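Residue numbers (this note's numbering): 1351 to 1623.
Here a beta-carbon is modelled for each residue, glycine too, at the ideal position from N, C-alpha and C.
Computed from a predicted structure; not experimentally measured.
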């Protein structure tokens, strides 16, 4: 950032500036007015002097390199600079128009409709699961009660509440958000599940108990989707919202370009030879 500021300062010296000269490298001049705002309020005189001295030193170094480059680089950069300026101005104007006209409200219905029309674009690259689990010492007296809860045929939200309450009473850790999808590999980081066929494993194991010498892991798989299936809508809602807004931006810009072209042609400002 400092380098950019230095180069920008040196490139803006076309106007007449009669403030005291601070440094000069060939035709480039650094004047006192260029240092305005460099030091913030509340800075001690010693620190202020150090900041200014460092800035001047960096400016001199950059100008020495710049003047050497001007003498030795033969490429013509005028076109690139002109194109960059045009792009910068165009972008700034387009952003101004977009900010004025863009409707940023995206309803749940619009998200659902987009998902329905473009569902094939949202295929999973990893297996995902909805799951809850408890990690307990191997000899915990709560394990029997927890297993009974997790093995219920019609396991539901009330069972998750009971599971969490039981775990907390016994000072056990766990995860109890049964509504949120997570990558299967994230579950495997918390629970040492090993499998070479995720689809078959999850199909055959909705309730899981794993043991090692010190720890028991109790897991209930609530739902799962394997790689290449369509991702659930709730996982893609934020992404779809961004896609819809981006489409709206593009529509605004396309209309802007068409309207400006039509106006320019109508006024005779466009000539084709």
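For this session: Would you give the residue range spanned by the beta strand (DSSP E) that residue 1478 belongs to?
Result: Counting along the chain, the beta strand (DSSP E) containing residue 1478 begins and ends at 1478–1487.
Exercise. Under the rule that 16 or more other beta-carbon atoms within 10 Å means buried, what is residue 1351, buried or exposed?
Worked result: Because the pLDDT at residue 1351 is just 41, under 50, the model does not fix this residue reliably, and the point stays unresolved.
Exercise. Shortest alpha-carbon distance to residue 1569 belongs to which of 1546, 1542, 1610, 1404?
Worked result: Selected option, being the one with the closest Cα: 1542.
Exercise. Can you give the beta carbon distance from residue 1537 to residue 1481, rounded, assuming they're within the 8 Å contact cut?
Worked result: That belief holds up - the Cβ atoms of residue 1537 and residue 1481 are roughly 6 Å apart, short of 8 Å.
Exercise. Cβ of residue 1551 within 8 Å of Cβ of residue 1560?
Worked result: Contact annotation: residue 1551 and residue 1560 have beta-carbon atoms that are not nearer than 8 Å.
Exercise. Tell me which same chain residues have a C-beta within less than 6 Å of the C-beta of residue 1361, skipping the five on either side of it?
Worked result: Any reading at residue 1361 is ruled out, since the residue's pLDDT is 47, under 50, leaving its predicted position unreliable.
Problem set entry | residue 1506 versus residue 1478 - alpha carbon distance | Taking the straight line joining both Cα atoms gives about 19 Å.
Exercise. Cα separation between residue 1393 and residue 1401?
Worked result: Roughly 10 Å separates the two Cα atoms.
Problem set entry | Three-state class that DSSP yields for residue 1533 in the structure shown | Correct three-state label for residue 1533: strand.
Exercise. Who are residue 1375's beta bridge partners in DSSP?
Worked result: Note: residue 1375 sits in a beta bridge opposite 1378.
Problem set entry | Nonlocal neighbours in the same chain, by C-beta distance under 8 Å from residue 1606, ignoring five residues either side | In the same chain as residue 1606, and ignoring 5 residues on each side of it, the C-beta atoms closer than 8 Å to its own belong to 1444, 1447, in chain order.
For this session: Enumerate in chain order the residues of its own chain whose CB-to-CB distance from residue 1357 is below 8 Å, with the five nearest sequence positions on each side excluded.
Result: For residue 1357, the predicted model reports a pLDDT of 43, less than 50, meaning its position is unreliable and no value from the coordinates is stated.
Exercise. Roughly how many angstroms lie between the CA atoms of residue 1620 and residue 1593, to the nearest whole one?
Worked result: In this structure, the CA atom of residue 1620 is about 34 Å from the CA atom of residue 1593.
For this session: In angstroms with no decimal places, state the Cα-to-Cα distance between residue 1359 and residue 1452.
Result: Bear in mind that the predicted position of residue 1359 carries a pLDDT of just 48, short of 50, making it unreliable; the figure below should be weighed with that in mind. Spanning the two alpha carbons is a distance of roughly 36 Å.
Exercise. With contact counted as at least three CB pairs below 8 Å, one residue from each stretch, are the segment 1585–1602 and the segment 1455–1462 in contact?
Worked result: Segments in contact, yes.
For this session: Give me whichever residues DSSP pairs with residue 1432 in a beta bridge.
Result: DSSP lists no partner for residue 1432.
Exercise. Taking three-plus beta-carbon pairs below 8 Å as touching, is the segment 1482–1496 in contact with the segment 1511–1531?
Worked result: They touch, by the three-pair rule.
Exercise. In whole angstroms, what is the alpha-carbon distance linking residue 1364 and residue 1427?
Worked result: Below a pLDDT of 50, predicted positions are generally treated as unreliable, and residue 1364, at 47, falls in that range; no measurement from the model is reported.
For this session: Just the C-alpha distance for residue 1391 and residue 1405, rounded to the nearest angstrom, thanks.
Result: Cα-Cα distance, rounded: 17 Å.
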